[in-house]
Structures are given as C-alpha cells and as structure tokens.
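Residue numbers (my numbering), protein chains in the order written: chain A, 1 to 200; chain B, 1001 to 1529.
Single-structure report; data block below.
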C-alpha cells in the first residue's frame, strides 16, 4: 500500500469514527429535551417539588376525621408583575384535623384602571405534603375577572388527607396570581391551575 | 509512561511547499501547532480580560459600602468574570495544549480533521465578541450569575440572548474540537503506541473529550429551552405556564458538573507529565491513574444535584447526591497519592514547572477537601452561596486548573519557542502567584463560614478586615500575571537555546523532535517500542 492509499484509508476511518461520535452528541441533545417531560412526570407521580395533583377532588364520604391530630395550614398569596391587583388570604392560618373539610377564602382587589383577567397558580410546601393536600373547590380552577376597583372574596374548600406523614405539622398553601392576558397567563389558563409551582 | 524512540526524524520539516506567512498563515491555518498557539493566546487574552473584571470586583469589596460600581454593574462583573474565565480562558487553554501536545505525544503528523480544527478555533472569536459586546447593550451584560438561572435569565435584556448565543457557539466549537481529539487519539497513534502506553496527558484529554461531547449538548439543550421560553412562548422554566425554574437547574448542572471535571482532568494530565520529569522517576501507578480518571468521569454524571441541596429535593435524593459526591474523592485521592509516590525518593529539582505542579497538588487538595465539606448536606445548607464556596472553587479552578496551565506553559515553552524561559523571573512569577493567591482566597473560607454571601457588592462591617486582605492579595495576583506575559514574550524573542530533550528527565515522543518543534513533525510515523 502506498502512502496515498494509506492516507485515504485513514481519512475514511476518521470520518466513520467522527460520525459515530456525533451520535453521542445527538443523544446528549435529545436527553436534554427528554429531561423536561421526565421531570414533570416524576414530580407528579412522586408528589415532589410541591407539584401534587391539585385538580378538583370530590370529598370522600368514608374518609375519617382524625380528631387526635392537629395540622396548621398557613395561607399566603402574591401577585406577579403585570397584574395590578392586591391579593391576600382572609385568614393567614387555620388549625384543622386531617380529613376535616374546611372553607377559607382570599381577598382580591383590582387597583388598576382596567378590567383584568387573572389566573392563580397554587403550590404547597413542604413538598412532601403536596400529595396530601386536596382542594374540593378553588378559585384557581378557573380564570377570574375583576373590573377596575372591584374586590372579590375567593373561596377555597380543602382538606388534608388523614394519611399525611406524622412528622408534618404545618402545611403552607400559596397562590401566585398571574395576568391571564399575557402569554404566560394564557398558558397558565390552559393548565387551569392544574400544575402548581414550587415555592421555597 | 512508555519509553519511546523516534526512528525517523523530520529534518526536511521546513520542506519544499514552504510555510505560509503573514496574517493568512493564522486565518487559514490547519497546522495543529499554529492553532494550538492561537488557542493559548486567545485564552491568555480572555484570562487578562476576565481578570481585570475580578480586579473591579475586589476594588468594590475593598471596603464595605458602595465605592466604585453600582450593584447592577457588580452583578455583571461577577457573572461575566465567571463565564469568560470558564469558557474563554480555562477551556480554550486546555484545547491549546491538546492541539500542541497530543499529535506530538502520540507521533501523529497533525490532528485528524485539520480544517475542522481551524473552524473550532475561529468560532471562539465571534463568541468572545458577543460576550464582550453584551456589556454595551441596553441593560448591560448578563447579571444573574454565570449559571444563568431562570427566572432572571428569562426576564433579562438582549444581553442574555447574546450570551446564550455565544455559549451555543462555544459549545459547537468544543464538540467539534473534542470529536477531532478523540479521532486523533484513536486513529493516528504511531505504530507500537498502544492505549496503555499513551502519555497520561493524552489519556486525560481522551476522557475529557468524551465528557465534552456528552455534556455540552445538554447545555445546548438547556440554553435552547431558555431561548424558546424567552421568545417563542414555551414554558419550560416559567412557573405561570406550568414550567419549573428548578428544572433548568437540573439540566444545567447535569452539564455543569461534568464541566467541572472537563476543567480539571487535563490539569491532572499536565501534572502527571511534569512531576515524573522533575522527580526523574516514571509516573507511579500509571494504570491506576487511567482508571481513576475514567472513574471520576463516570461519577461526574451522577452528582449534579449537590449544587442544588437548598433548592428543594427529597431527603433520599439529597442523601444519594451527598454520598455519590463523597465517592469522587476516592479516585481523586488515588491520583494525589500517585503524584506523591512519584515524588517519593525521586531526584527532585525545582524548576518553575515543578514548583507550579507541587503547588497545584497541595492547593488543589485543599480545594478538594473544602469540596468534601460542601458535599456534607447539613453543612452545605449553611455554606450555600457564601464566600466559602467562592474559596472552594477558586482553590480548584485557579490553584488547580489555571496554575497547572501556567506550569504546563513553562514546561513546554522551550519546545514551542526553541528558547529557555528566564528561570529567575519564572520563579518570581510562581512565588508571587502562589502567595497572592492564598492571601486572596484563604480568608474567604473564614468570611464564608461567618456567613458572607457571594455576589453582593456590599457587606457587613465585621467582614471588613478579611475583605481588605483578600482585595490586596487579588491586586497582587492580577499584577503578577503581567509578569507571566512578560516572561512568555521574552522567551519567544530569545534566550538560551533549548535542546531537543529540554529537561533532563523528560521522556516521550515530543522530546525527540527539534526545539522549536518544526512546522511539520512525524510525517513518517515514529516506531514506539
């Protein structure tokens, strides 16, 4: 084999290896995008990251109220930039028994000059409690409209499942109110508050 | 390391088709040595630029209160300092070494894909321009930290787009460069050079290149998601749309932790080359070094969430990442002990490259230990985002990676230029750098433990003394690097003629060619016994 032949054989082997290595690159890229759905799935299934199932839950008639135990539920709320509302819980905390269906509410007022559409995204802390916090009725299930200057009482009907781990004594429920007209809020509407955010 | 002999010498190296000159020699270069030189100069320019930013940071932190820069500017300085040092200074410097040394060490005439090699280098220039130009756009440069966490990076101005685009370009450059390096190492070794006879530097770069092609695309993915979130209405990281900012942290650190080892493994390779030379003994435990490097690389993909202990994770996850992180200290310890065993009872001399190497072994180990401290979950919750972390990663990145690079430059400079550098000035540079480095960063362990948060332009009075010491050290450290520049330029311009072997204890193919290494080497492959 002369030198030129050797060179062309080498360059063919080089090309083959380079293409094989590009497959690793492609796999890395695909993996990066696969992390996003995998992460959502894992968080939802395992109830991690405050991302529990927070859709409407029917009350369970057979559920026993655990009178021996108290859980403190803390309520917080905030509005995100782009929404000229004031928003806060009517009661900042409640002591409830696990299994007990409780009604509380938030107060929202539109301080802006225009009528505005808002959508609230709930989250639960600690993350582990998210799976055990159920909402029967919530203003976060649909979009809310407030006219300029209008205030509204927004109810939440909830219970904490009796099998809440024993070391959890306090659960915090937070709502972040987004502008429903901006693209962010539109997306939040399609989610209809089904995917709460995580708050530290 | 193997004993090697070159049977053929390219004495006709400055051969018939001549050697391109002028500017176009560099623009169109496909020569691994020219491209290596350009990589090294580029990274040195970026090192000085980002170093100047660090001077700004330390000037502001010299005293409590706001003196020189506003908080917005300060945040831009810390962010760009990190981004440019990592992607502009350390990574290109190692690629420069790979370009120069890998073909010489394995007896190849050039890299496998010389034109791609040219492209890898020239992609760095638009990326650097984008990063630097982003300082001057409305709103200023990125200011949310080099990690570019959302929501700040989703909300930021056009500088975020520029930086993300710059990182995309740098990613392409790194990936192409790595494919080139892997192909060169696998297909172009001289006859007789089996994988387990390769110099340790080549091994570390082979493994680093694999880390790069696996990790950089993940960063590209995260950055692409960031861009689509910013401009195309997706909600990967937007809580309002059902996304999660913490997702970005997972994807980012899945890249980010291998990146840490991308920046240190080639440094280990340089140490494993220099220490045997000046201890005049072969590298102790060569095979265990290879396996330890591979083990570090594999483990680097399963420890990422130790950067996120405080951002929310189930306890089981925290424990997994804590223990897997601690496990990395085992192969790293193997390496440190092997270097010590190499020096043990060796006939050591202390030329500048050896001084740098010994300092790196010592100081990197300090950085490794403070990393182990940060890995302990309950301790990390206290230390997260404090100056302790700043001290830790400067001990591994400056006194690990950057000082290994400096040692490597002194070690191979005679081979590159044909002249010996000024040993006296080199030693001055070493001592100034090492002392100033420790004066700068050692006190940060204390300020960090006491709770001083990083990335804040102002601080409480009680930290004033330590910060003043750190700042004085930093100014000395910055100025010392100008001496480095002077020594390098002086060496290029002239000096004592270097022999082919340069160092008495140096072994390997690169020491069989002339000094300076001719433009073309090993066109006829040497035989390795």
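Note that beta-carbon positions come from the ideal geometry of N, C-alpha and C, so glycine has one too.
Amino acids of chain B, ordered along the chain, whose beta-carbon sits closer than 7 angstroms to that of residue i
{"i": "residue 24 of chain A", "result": "1213, 1214"}
Residues that residue i contacts on chain A, provided the C-beta gap is smaller than 7 angstroms
{"i": "residue 1217 of chain B", "result": "25, 28, 29, 32"}
{"i": "residue 1031 of chain B", "result": "Result: empty, since nearest Cβ-Cβ is about 17 angstroms, beyond 7 angstroms."}
Beta carbon proximity, residue i to chain B, threshold 8 angstroms
{"i": "residue 168 of chain A", "result": "no"}
{"i": "residue 74 of chain A", "result": "no"}
{"i": "residue 101 of chain A", "result": "no"}
{"i": "residue 160 of chain A", "result": "no"}
{"i": "residue 116 of chain A", "result": "no"}
{"i": "residue 176 of chain A", "result": "yes"}
{"i": "residue 121 of chain A", "result": "yes"}
{"i": "residue 197 of chain A", "result": "Because residue 197 of chain A carries a pLDDT of 37, less than 50, the predicted location of this residue cannot be relied on, and the following value inherits that uncertainty. Answer yes: the Cβ-Cβ gap between residue 197 of chain A and chain B drops below 8 angstroms somewhere."}
{"i": "residue 77 of chain A", "result": "no"}
{"i": "residue 21 of chain A", "result": "yes"}
{"i": "residue 45 of chain A", "result": "no"}
{"i": "residue 127 of chain A", "result": "yes"}
{"i": "residue 53 of chain A", "result": "Confidence in residue 53 of chain A is poor, its pLDDT being 49 and thus under 50, which makes the residue's placement unreliable; the coordinate value appears in the next sentence. So, not an interface residue."}
Collapsed DSSP secondary structure at residue i in the structure displayed
{"i": "residue 168 of chain A", "result": "coil"}
{"i": "residue 176 of chain A", "result": "strand"}
{"i": "residue 1453 of chain B", "result": "strand"}
{"i": "residue 1490 of chain B", "result": "helix"}
{"i": "residue 196 of chain A", "result": "Its pLDDT being 37, under 50, residue 196 of chain A is placed unreliably in this model, and the coordinates cannot settle the point."}
{"i": "residue 135 of chain A", "result": "strand"}
{"i": "residue 123 of chain A", "result": "strand"}
{"i": "residue 1296 of chain B", "result": "helix"}
{"i": "residue 74 of chain A", "result": "strand"}
{"i": "residue 1419 of chain B", "result": "strand"}
{"i": "residue 160 of chain A", "result": "strand"}
{"i": "residue 94 of chain A", "result": "strand"}
{"i": "residue 1301 of chain B", "result": "coil"}
{"i": "residue 1183 of chain B", "result": "helix"}
{"i": "residue 227 of chain A", "result": "There is simply no residue 227 of chain A to check, as chain A begins at 1 and stops at 200 in what is shown."}
{"i": "residue 1309 of chain B", "result": "coil"}
{"i": "residue 68 of chain A", "result": "coil"}
{"i": "residue 1530 of chain B", "result": "With chain B covering 1001 to 1529 only, the question about residue 1530 of chain B has no answer from this structure."}
Short CB-CB distance (under 8 angstroms) between residue i and chain A
{"i": "residue 1160 of chain B", "result": "no"}
{"i": "residue 1251 of chain B", "result": "yes"}
{"i": "residue 1221 of chain B", "result": "yes"}
{"i": "residue 1292 of chain B", "result": "no"}
{"i": "residue 1165 of chain B", "result": "no"}
{"i": "residue 1186 of chain B", "result": "yes"}
{"i": "residue 1312 of chain B", "result": "yes"}
Beta-carbon neighbours of residue i, restricted to chain A and to distances below 9 angstroms
{"i": "residue 1225 of chain B", "result": "32, 33, 36"}
Partners in chain E for residue i, counting only beta-carbon separations shorter than 7 angstroms
{"i": "residue 1112 of chain B", "result": "No chain E is present in this structure, whose protein chains are A and B."}
Proximal chain B residues relative to residue i, where beta-carbon distance stays under 8 angstroms
{"i": "residue 39 of chain A", "result": "1244, 1247, 1250"}
9 angstroms Cβ cut-off: residues of chain B touching residue i
{"i": "residue 131 of chain A", "result": "Correct list: empty, because the minimum Cβ distance to chain B is about 12 angstroms."}
N-terminal and C-terminal residue of the beta strand (DSSP E) that residue i is part of
{"i": "residue 110 of chain A", "result": "102-110"}
{"i": "residue 1041 of chain B", "result": "Unbroken run through residue 1041 of chain B is the alpha helix (DSSP H), 1032-1060; no beta strand (DSSP E)."}
{"i": "residue 88 of chain A", "result": "85-89"}
{"i": "residue 1195 of chain B", "result": "Note, residue 1195 of chain B: premise wrong, no beta strand (DSSP E); not H, not E."}
{"i": "residue 146 of chain A", "result": "144-146"}
Span of the alpha helix (DSSP H), counted from its first residue to its last, around residue i
{"i": "residue 1120 of chain B", "result": "1114-1133"}
{"i": "residue 1278 of chain B", "result": "1265-1279"}
{"i": "residue 1204 of chain B", "result": "1200-1231"}
Could you name the residues of the region 1168-1184 of chain B whose beta carbon sits closer than 7 angstroms to any beta carbon of chain A, in the order they occur along the chain?
-> Per Cβ criterion, the list reads 1175, 1179, 1182, 1183.
Any residues in the region 4-19 of chain A with a beta carbon nearer than 7 angstroms to a beta carbon of chain B? Which ones, in chain order?
-> Taking 7 angstroms as the upper bound on Cβ-Cβ separation, chain B lies near residues 10, 13, 14, 17, 18 of the region 4-19 of chain A.
Return the residues of the region 1231-1247 of chain B that lie within a Cβ-Cβ distance of less than 7 angstroms from chain A, sorted by chain order.
-> Here the close residues are 1233, 1235, 1236, 1238, 1239, 1240, 1241, 1242, 1244, 1246, 1247.
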